[in-house]
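Participant: Going line by line, the protein sequences match chains V and A. Taking the working numbering, the leading residue of the first sequence gets 1, the next gets one more, and so forth. Taking the working numbering, the leading residue of the second sequence gets 1001, the next gets one more, and so forth. Ideal Cβ positions, reconstructed from N, Cα and C, are used throughout, including at glycine. Quick one: the structure is below, and I'll ask about it shortly.
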Amino acid sequence: MAEMTNNKPIILEVKNLKKFFPIEKGFFKRVSGQVRAVDDVSFFINEGETLGLVGESGCGKTTTARCILRALDPSSGEILFLKDSGEKVDIAALDDEEMRYLRSEIQMIFQDPYASLNPRHNILDIVGEPLFVIQRMTNREERQARVTELLELVGLRPEYLQRFPHAFSGGQRQRIVIARALALNPRLIIADEPVSALDVSVQAQVLNLMLDLQRKLNLTYLFVAHDLSVVKHISDRVAVMYVGKIVEISPTDELYYQPLHPYTAALMEAVPVADPRVQSAMIELEGDVASPANPPSGCYFHPRCQYAIDICSKEPPELIELRPEHYVSCHRAHELNLEGIGDPTSIDHPGKREEAK
Amino acid sequence: MTIIRWGIVGCGNVTEVKSGPGLQKARGSSLVAVMRRNGDLAQDYARRHDVPTWYDDAAALIHDPQVDAIYVATPPSSHKAYTIMAAQAGKPVYVEKPMALNYAECVAMIDACETANAKGAVPLFVAYYRRSLNRFLKIKELLDSGAIGSVRFVNIAFYQPVREDELNPDELPWRVLPDVAGGGRFVDEAAHQLDFLDYVLGPIRTVHGFAANQAGHYPAEDIVSSVFVFESGVQGVGTWCFSTIDTLDRTEIVGSKGRIAYSTFDDAPITLTTSAGTREFAIGYPIHIQQPLIQSVVDALNGVGICPSTGASAARTSWVMDQMLTSYAGKKVGC
């Protein structure tokens, strides 16, 4: 799947990534099975690009992100990262010391800015900590100058340096988190639901800040989210996960306009529209998400899929490139004519619409 | 399913048929070691029951890495020490009833199992096996289904003659020596009756008892009379006498719409009397009477079920018996 596109090199390539968690039961915690949280996932991200990773809760998107950061050790697979030096390394195979230095190039933005900032540290210490720990920037004045610069970069005033997290709003806190992530001049930022804890009015500000920073600093984002409107706003391409597997990857507009996988189409259906005249015509998903501890045979989505046929319950579909740069894992993708959200220029209101009668 | 490998501390009489083969026959369970202070008897038990390892030292069995869980089948006076030793070794414990000499020892055992091991708590189960026998589950089913309406009171009458081996003061059985058993035959037998009532009617809140030794054959009490009230408001009365001419084993649970009468130790049919008449339920006992409860212990250890008899539930029964025996000087009540 991986190739250089738009003349930009691939900065991250995930190949056949698996992360299985053992199921331990009883007092002796003996393993009785495995949760296949990430099950043979492959994708790539070009430098300067934003790849959205979407799916329902528990589909494995956060686990994938944590494996890339090596916050979790993958069960198998490769995570190839193109370092600033031009060297390509397999993150999955690095030891702790090697990861320590690589982490200056890969940073993470967490979901909850209320939980990810130490309430006992002021902003200078919070944002300056990676400079001290990773870059050994022991000179406090030097560190303060860099933190001041970072605060200005994310739209915060330098006089906030001595304040503590409780003094900030949710949006401001997430700006602090972003400033901390930028402290080491990373090239890849993994943002795990970075705006889902924020008020809707603040979400757009943070998203626009991320876009602005991407343009200024040539950042690459892996943007993990469940909100399709948010993902649409920021992503160049989108990967859709279901029960640990990627079922579709495509350039954003095409995915929203012409989804190839029934699950993707159903996800779009789930996005609420703030217009009482708009009526959905698509069939809603029925049944529960399959258990990653005991997934169904064949295509994991087949028990909930209205288009499922015999083969769907027997053989797992391959992820194939059905259209240029548009990959899908569905036995019937070539024959289904799924409806997306209409005109790609109106994607800010996802979901098929009909005027209410 | 994971196989739980058991070791028995004290492979005496109770383990011959009631429990030992149950440990071998329960699903996911095996008996891999036995211990008795008399090594010849331990070896003999191991040979007869096809157990691969025997010991004459409890610590050696408890610390055997091939042993996952410990069954303490000694008299009550050593339950506490062996339970604490097993807990400190990080091994779950299944201990014979009554749980200990008194309630204070029960609390110490529970504390040890909750805190003694650095890896965390170890489970503690007690062999009140009637909680898992079909015969008694039928009674629970009748009560839970409202067959006798709201339960009003319980009446226990339990009489037995003096046994022949209790007539020789120089060779008294340990079951009538309070220092070893925690009391007399009342403690040994009423424990089952009271524990089952705890299971089906909930904890007893208030207890008054009168205990004495009327026949004078041994140091322990031989008669106990008690009135008690459950947390639910159900009232109870019981008389246990171990120097009568004949035997009576009858518990009656009386409700607003009927009554259930049953024997705790023999297999006489359970009777249900309501306005529709009297029905009988003849339900016997399995050969290895502890096997159903052992199965629940094994399932709980494997994380696929729960055991209805734990240290916490068994300690309540010890507390009730302590209260019933407070008037008897031979009883050392811990708290």
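So, helix, strand or coil for residue 1122 (chain A), using DSSP?
Facilitator: In this structure, residue 1122 (chain A) counts as coil in the three-state DSSP scheme.
Participant: Give the secondary structure of residue 166 (chain V) by DSSP, where H, G and I count as helix, E and B as strand, and everything else as coil.
Facilitator: Correct three-state label for residue 166 (chain V): helix.
Participant: Could you pull the start and end residues of the beta strand (DSSP E) that residue 25 (chain V) belongs to?
Facilitator: 10–25 is the span of the beta strand (DSSP E), which, as asked, contains residue 25 (chain V).
Participant: Taking 7 Å as the threshold (beta carbon to beta carbon), is residue 1334 (chain A) in contact with chain V?
Facilitator: With a pLDDT of 42 at residue 1334 (chain A), under the threshold of 50, the modelled position of that residue is not reliable, and the figure given next carries that caveat. Residue 1334 (chain A) does not count as touching chain V.
Participant: First and last residue of the alpha helix (DSSP H) that includes residue 232 (chain V)?
Facilitator: Its alpha helix (DSSP H) spans residues 228–234.
Participant: Start and end of the beta strand (DSSP E) containing residue 132 (chain V)?
Facilitator: Element bounds for residue 132 (chain V): not the beta strand (DSSP E) but the alpha helix (DSSP H), 123–133.
Participant: For the beta strand (DSSP E) that residue 1004 (chain A) lies in, which residues bound it at each end?
Facilitator: Run containing residue 1004 (chain A): 1004–1009, per the beta strand (DSSP E) assignment.
Participant: Comparing the C-beta of residue 27 (chain V) with each C-beta of chain A, is any distance below 7 Å?
Facilitator: By this cut-off, residue 27 (chain V) is an interface position.
Participant: Would a check of beta-carbon distances place residue 1310 (chain A) closer than 7 Å to chain V?
Facilitator: Residue 1310 (chain A) does not count as touching chain V.
Participant: Would you report the Cα separation of residue 31 (chain V) and residue 22 (chain V), rounded to the nearest angstrom?
Facilitator: Roughly 6 Å between the two C-alpha positions.
Participant: For residue 30 (chain V), which residues in chain A fall below 7 Å Cβ to Cβ?
Facilitator: The answer, in chain order, is 1002.
Participant: Return the chain-ordered list of same chain residues with a C-beta closer than 6 Å to the C-beta of residue 86 (chain V), the five sequence neighbours on each side being excluded.
Facilitator: Closer than 6 Å at the Cβ level, and outside the excluded window around residue 86 (chain V), lies no residue.
Participant: Apply the 10 Å Cβ neighbour rule to residue 51 (chain V) and answer buried if 16 or more other Cβ atoms are within range, or exposed otherwise.
Facilitator: Buried is the call here.
Participant: Buried or exposed for residue 309 (chain V), going by 16 or more other Cβ atoms inside 10 Å?
Facilitator: By the neighbour-count rule (16 or more Cβ atoms within 10 Å), residue 309 (chain V) is not buried but exposed.
Participant: Have a look at residue 1214 (chain A) and residue 1277 (chain A) and give me their C-alpha separation to the nearest angstrom.
Facilitator: Roughly 40 Å between the two C-alpha positions.
Participant: Applying the 10 Å Cβ sphere with the 16-neighbour rule, what's the burial state of residue 9 (chain V)?
Facilitator: By the neighbour-count rule (16 or more Cβ atoms within 10 Å), residue 9 (chain V) is not buried but exposed.
Participant: With DSSP run on the structure shown, which of helix, strand or coil describes residue 1319 (chain A)?
Facilitator: Correct three-state label for residue 1319 (chain A): helix.
Participant: So what does residue 108 (chain V) bridge to, in DSSP terms?
Facilitator: Paired residues: V:190.
Participant: Based on Cα-Cα distance, which residue from A:1040, A:1088, A:1003, A:1308 lies nearest to residue 1010 (chain A)?
Facilitator: Closest option to residue 1010 (chain A), Cα to Cα, is A:1040.
Participant: Going along chain V, which residues have a C-beta under 9 Å from residue 1007 (chain A)?
Facilitator: Simply none; closest approach about 15 Å.
Participant: Output needed in chain order: residues of the region 1289–1318 of chain A with a Cβ under 8 Å from some Cβ in chain V.
Facilitator: Answer in chain order: 1300, 1301, 1302, 1303, 1304.
Participant: Give the range of the beta strand (DSSP E) segment to which residue 1035 (chain A) is assigned.
Facilitator: Run containing residue 1035 (chain A): 1029–1035, per the beta strand (DSSP E) assignment.
Participant: Is there a C-beta anywhere in chain V that falls below 7 Å from the one on residue 1065 (chain A)?
Facilitator: False, the Cβ-Cβ gap to chain V never drops below 7 Å.
Participant: Of the choices V:317, V:174, V:146, V:95, whose alpha-carbon is the least far from that of residue 108 (chain V)?
Facilitator: The option with the nearest alpha carbon to residue 108 (chain V) is V:174.
Participant: Are the beta-carbon atoms of residue 1167 (chain A) and residue 1218 (chain A) separated by less than 7 Å?
Facilitator: Going by C-beta atoms, residue 1167 (chain A) is not nearer than 7 Å to residue 1218 (chain A).
Participant: Note down, in chain order, each residue of its chain lying with its Cβ closer than 8 Å to the Cβ of residue 1258 (chain A), except the 5 sequence neighbours on either side.
Facilitator: Closer than 8 Å at Cβ, skipping near neighbours: 1147, 1148, 1149, 1272, 1273, 1274, 1275.
Participant: Quick one: give me the first and last residue of the beta strand (DSSP E) that residue 251 (chain V) is part of.
Facilitator: From DSSP, the beta strand (DSSP E) with residue 251 (chain V) extends over 245–251.
Participant: Using a 10 Å radius around the Cβ and a threshold of 16 neighbouring Cβ atoms, would you call residue 1290 (chain A) buried or exposed?
Facilitator: Result: buried.
Participant: Between the Cα of residue 1238 (chain A) and those of A:1231, A:1308, A:1250, spot the shortest distance and give me the residue it belongs to.
Facilitator: For the residues A:1231, A:1308, A:1250, the minimum Cα distance to residue 1238 (chain A) belongs to A:1250.
Participant: Check the C-beta distance from residue 35 (chain V) over to residue 17 (chain V) and give it rounded, since I have them as a contact under 8 Å.
Facilitator: In fact, because the Cβ distance is near 15 Å, the residues do not count as touching under 8 Å.
Participant: Can you name the start and end residues of the beta strand (DSSP E) that residue 1071 (chain A) belongs to?
Facilitator: Element bounds for residue 1071 (chain A): 1069–1072.
Participant: If the criterion is Cβ atoms closer than 7 Å, does the pair residue 82 (chain V) and residue 88 (chain V) meet it?
Facilitator: A contact, by the Cβ cut-off of 7 Å.
Participant: Under 7 Å between beta-carbons, which chain V residues line up against residue 1092 (chain A)? List them in chain order, please.
Facilitator: Those are 27, listed as they occur along chain V.
Participant: Which residue or residues does DSSP assign as beta-bridge partners of residue 237 (chain V)?
Facilitator: Residue 237 (chain V) is bridged to V:51, V:251.
Participant: Compare the C-beta of residue 1076 (chain A) against all C-beta atoms of chain V and say whether one is closer than 7 Å.
Facilitator: No, its Cβ sits nowhere closer than 7 Å to a Cβ of chain V.
Participant: Where in the region 1078–1113 of chain A do unbroken runs of the beta strand (DSSP E), each at least 3 residues long, occur, reported from the N-terminal end onward?
Facilitator: You should have 1093–1095.
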